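Below is one structure, written out as structure tokens; the observations come after it.
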Amino acid sequence: MKIAPNLPMAFNRRDYSDEQLVYLYRALIFPRLIEEKMLALLRQGRISKWFSGIGQEAIAVGATAALAPDEYIFPLHRNLGVFTTRKVPLPKLLAQFQGKAAGFTKGRDRSFHFGSQAHRIVGMISHLGPQLSLANGVALADVLQHQPRATLAFCGDGATSEGEFHEALNVAAVWQLPVIFLIENNSYGLSTPNYEQFRCERLADKGIGYGIEALRIDGNNLLEVFHTIRHYANELRLAPRPVLIEAMTFRMRGHEEASGTKYVPPHLLDEWAARDPVLHYEQYVLQHHIMTEKMVAETKEFYREEIKQAVAEAFALPDPVANTEAEVQDVLFSIPFPPLSPPTIAKPIPCATLMPLPKA
Numbered sequence: 005m006k007i008a009p010n011l012p013m014a015f016n017r018r019d020y021s022d023e024q025l026v027y028l029y030r031a032l033i034f035p036r037l038i039e040e041k042m043l044a045l046l047r048q049g050r051i052s053k054w055f056s057g058i059g060q061e062a063i064a065v066g067a068t069a070a071l072a073p074d075e076y077i078f079p080l081h082r083n084l085g086v087f088t089t090r091k092v093p094l095p096k097l098l099a100q101f102q103g104k105a106a107g108f109t110k111g112r113d114r115s116f117h118f119g120s121q122a123h124r125i126v127g128m129i130s131h132l133g134p135q136l137s138l139a140n141g142v143a144l145a146d147v148l149q150h151q152p153r154a155t156l157a158f159c160g161d162g163a164t165s166e167g168e169f170h171e172a173l174n175v176a177a178v179w180q181l182p183v184i185f186l187i188e189n190n191s192y193g194l195s196t197p198n199y200e201q202f203r204c205e206r207l208a209d210k211g212i213g214y215g216i217e218a219l220r221i222d223g224n225n226l227l228e229v230f231h232t233i234r235h236y237a238n239e240l241r242l243a244p245r246p247v248l249i250e251a252m253t254f255r256m257r258g259h260e261e262a263s264g265t266k267y268v269p270p271h272l273l274d275e276w277a278a279r280d281p282v283l284h285y286e287q288y289v290l291q292h293h294i295m296t297e298k299m300v301a302e303t304k305e306f307y308r309e310e311i312k313q314a315v316a317e318a319f320a321l322p323d324p325v326a327n328t329e330a331e332v333q334d335v336l337f338s339i340p341f342p343p344l345s346p347p348t349i350a351k352p353i354p355c356a357t358l359m360p361l362p363k364a
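Residues in the sequence shown are numbered from 5 upward in steps of one, following the working numbering.
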């Protein structure tokens, strides 16, 4: 996708109301402000690890806002906007990131390897490709139960080189499963650039061989992401089938903060910084008088205070204490097996005719 850093992003509001556009701005700015706080805490040594999604928020927020609340999402490391848009309680979210017992994984992890059934979010699988097959399973269950739903599964450009990506697309195509496969193409699989990963011009082209409708969109354009996902989700509910969407974006920070970005050419960081999804959309709502400067400032101040309180609450929580019994109970589901007495009447078991043993 050609980048025009000096031009404003072209937003098409279609028939969306001012209220909808304001909602999307608030949903977009919230994870950005959380990110800024987490990076500050990381520099202070108060947290130890962070996967930054700065510059990619429009994909997670736009896609999540476009789905119905009861439709499942399979997110990645950098999809904080999925959790915030689905209204996952911030104190519990921060307890997770701080490794507290009150977190979703009870202190076993301090990252995004968790889900929430209450919010229809399935925890990511680290090597990313396998969760696409699980999305197929959810979609198949909806089809068999005649539930008009779409399922959304994220994957990165690196995961499209995994075998499970191809298996999942093939199964979804053959069975016509209502899955939106959303590729976040941020140009790097960890530190490997795209030109060392694949030869096709567009990742969306990988859908052609499986007979899947595929397209490429601007992943930094919030309204384009929102409208595209909303459009296909509506279609898939009525006419189940898979769709492959390649959202073009860029990872502005390291794979995780410790790895840095020294392998990225500086001009790419400059060009994509000029396409910051938050700054462009904020400029749009202000220039078109959808929001005022005061509304924007009040929104940021409200969220910063909420984040500050949630951080303090999370840090005040007790650290997890190892307990073998509790660990076993969390891993092994307890199923009661009532004792069964053996039958009192013995029944002879017929024996097959024995073959004579071969002579020595």
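Backbone N, C-alpha and C define an ideal beta-carbon position, used for all residues, glycine too. In this text, all values refer to a predicted model and were calculated from it rather than measured experimentally.
Could you check where the beta strand (DSSP E) with residue i kicks off and where it finishes?
i, result
"Thr155", "Thr155 to Gly160"
"Asp222", "Glu217 to Asp222"
"Glu317", "Segment Glu297 to Ala320 is the alpha helix (DSSP H) holding Glu317; no beta strand (DSSP E) there."
Please list the terminal residues of the continuous alpha helix (DSSP H) segment that includes residue i.
i, result
"Arg234", "Leu226 to Leu242"
"Leu273", "Pro270 to Ala277"
"Leu144", "Pro134 to Leu148"
"Asn174", "Gly167 to Trp179"
"Phe254", "Phe254 -> no alpha helix (DSSP H), and no H or E assigned at all."
"Phe185", "It is not in any alpha helix (DSSP H) - Phe185 instead sits in the beta strand (DSSP E) that spans Val183 to Asn189."
"Leu94", "Leu94 to Phe101"
"Gln24", "Asp22 to Arg47"
"Gln1", "Lying outside 5 to 364, the shown extent of the chain, residue 1 is not represented and no answer is given."
"Tyr285", "Pro281 to Gln291"
"Gly66", "Glu61 to Ala70"
"Phe87", "Leu84 to Thr89"
Measure from the alpha carbon of residue i to the alpha carbon of each residue in the options, then state which is nearest.
i, options, result
"Glu200", "Ser165, Lys210 and Asn224", "Ser165"
"Leu226", "Leu25, Phe337 and Ser21", "Leu25"
"Pro281", "Met128, Phe78, Ile129 and Ile33", "Ile33"
"Leu37", "Arg50, Asp22, Ser52 and Ser56", "Ser56"
"Ser195", "Asp146, Gly258, His235 and Lys210", "Gly258"
"Glu41", "Phe101, Ala62 and Tyr27", "Before going further, note that residue 41 is Lys rather than Glu in the sequence given. Ranking Phe101, Ala62 and Tyr27 by Cα distance to Lys41 puts Phe101 first."
"Asp74", "Ala154, Arg17, Leu283 and Leu97", "Ala154"
"Ser137", "Ser120, Pro152, Val147 and Ala172", "Ala172"
"Glu61", "Glu217, Glu309, Gly223 and Leu336", "Gly223"
"Arg279", "Met295, Met256 and Asp22", "Met256"
"Phe39", "Arg82, Lys91, Asp323 and Gly211", "Position check: residue 39 holds Glu in this sequence, whereas Phe was assumed. It is Arg82 whose Cα lies nearest to the Cα of Glu39."
"Ala277", "Tyr20, Ile58, Phe15 and Asp22", "Ile58"
"Gln313", "Leu97, Gly85 and Arg47", "Leu97"
"Ser120", "Gln151, Phe87, Tyr214 and Ala145", "Phe87"
"Pro152", "Pro244, Ala330 and Glu205", "Pro244"
"Glu331", "Val92, Cys204, Ser130 and Arg112", "Arg112"
"Val92", "Gln135, Pro35 and Ala163", "Pro35"
"Phe15", "Val300, Glu329, Gln287 and Lys351", "Gln287"
Assuming residue i and residue j are in contact, meaning their beta carbons sit under 8 Å apart, how far apart are those beta carbons, in whole angstroms?
i, j, result
"Val157", "Val183", "Rather than Val, the amino acid found at residue 157 in this sequence is Ala. Right, the Cβ-Cβ distance comes to about 6 Å (below 8 Å), so this counts as a contact."
"Leu207", "Glu250", "5 Å"
"Asn189", "Thr265", "At roughly 17 Å, the Cβ-Cβ gap does not stay under 8 Å, so Asn189 and Thr265 are not in contact."
"Asp161", "Ile187", "6 Å"
"Leu80", "Met128", "6 Å"
"Ala99", "Leu321", "6 Å"
"Leu28", "Ala69", "6 Å"
"Phe78", "Gly133", "That belief does not hold up - the Cβ atoms of Phe78 and Gly133 are roughly 11 Å apart, past 8 Å."
"Val142", "Tyr76", "5 Å"
"Cys159", "Phe185", "7 Å"
"Leu181", "Leu219", "With 8 Å as the limit, Leu181 and Leu219 do not qualify as a contact, their Cβ atoms being about 18 Å apart."
What does the alpha-carbon distance come out to for the pair residue i and residue j?
i, j, result
"Gln291", "His231", "21 Å"
"Ile233", "Ala67", "6 Å"
"Met5", "His271", "Summary for Met5: the model assigns pLDDT 45, below 50, so the residue's position carries little reliability, and this model does not support an answer."
"Val315", "Pro95", "7 Å"
"Leu43", "Arg114", "14 Å"
"Pro347", "Asn327", "41 Å"
"Ala262", "Lys53", "8 Å"
"Gln333", "Asn140", "29 Å"
"Ala318", "Asp209", "44 Å"
"Val365", "Tyr236", "The chain is shown only over 5 to 364; residue 365 falls outside these bounds and no answer can be derived."
"Tyr192", "Phe116", "19 Å"
"Val65", "Lys304", "17 Å"
"Ser338", "Ile216", "42 Å"
"Tyr307", "Arg90", "16 Å"
"Pro197", "Lys110", "36 Å"
"Pro324", "Glu309", "27 Å"
"Gly103", "Phe202", "37 Å"
"Glu302", "Asp22", "17 Å"
"Arg50", "Tyr285", "32 Å"
"Ile221", "Leu336", "43 Å"
"Met295", "Leu84", "24 Å"
"Val289", "Glu228", "15 Å"
"Tyr20", "Ala31", "15 Å"
"Leu148", "Ala177", "16 Å"
"Val297", "Ile311", "Inspection of the sequence shows that residue 297 is occupied by Glu rather than by Val. One C-alpha to the other measures close to 21 Å."
"His131", "Ala163", "8 Å"
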